[in-house]
Amino acid sequence: MEYPMGEHPSGLIMYSQDGHMSVQIMLANRPRFHSDQLHEKTAEEVSQAARGYFAYSGLYEIEVLESAEQPDGEVVHGLVTHHMVNSLFPNWEGRSLIRQMRLQDDLLELSTCQAGMYKGRMMTTHLVWRRNQYQHALHQLAGQSFELINA
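The opening residue of the sequence shown carries number 3 in this note's numbering; numbering runs sequentially from there.
Shown next as structure tokens:
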């Protein structure tokens, strides 16, 4: 078993009601940059930070294959397709990733449908997410997504 982002990574995945999604995963305890100024960084700092961070966003589709009531709650099995618009890994922009999905109560499990190459070996990826219980007071933003149009 391999842990590309360490055994205890930090991350967040979001699915909005309007079909947008975003995922961010990072290595725990990443080294901080020497400067607190965003634009004052060395090439080595940027390289090391990127190696410990993974992110993409775009649109998503869900295909429910099976849904069943269990004694401990409903279990939903299906496929979720992430259509990547933005990605830290530029080669994935414009591509789609299909993941096997299992949703039960507050746990979402996502797995690759087929093995891919990782460090010279064919491997599958399996991630388990827990529903975020944080409720923010700004209800006007809840369930909304925004596209960057000017910076």
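Beta carbons are placed, not taken as given, at the ideal position from N, Cα and C, and that holds for glycine.
The structure displayed is predicted, hence computed values, not measured ones.
By the neighbour-count definition (other C-beta atoms within 10 Å, threshold 16), S49 is an exposed residue.
Under the Cβ criterion (8 Å, minimum of three pairs), the segment 11 to 28 counts as touching the segment 47 to 64. The C-alpha of P33 is placed about 29 Å away from the C-alpha of S113. According to DSSP, L129 shares a beta bridge with L112. Its chain contains S113 as the residues whose beta carbon lies nearer than 6 Å to that of H128, once the 5 sequence neighbours on both sides are disregarded; these appear in chain order. Taking each of Y136, Q39, V82 and G8 in turn and checking the Cα distance to I100, the smallest one comes out for V82.
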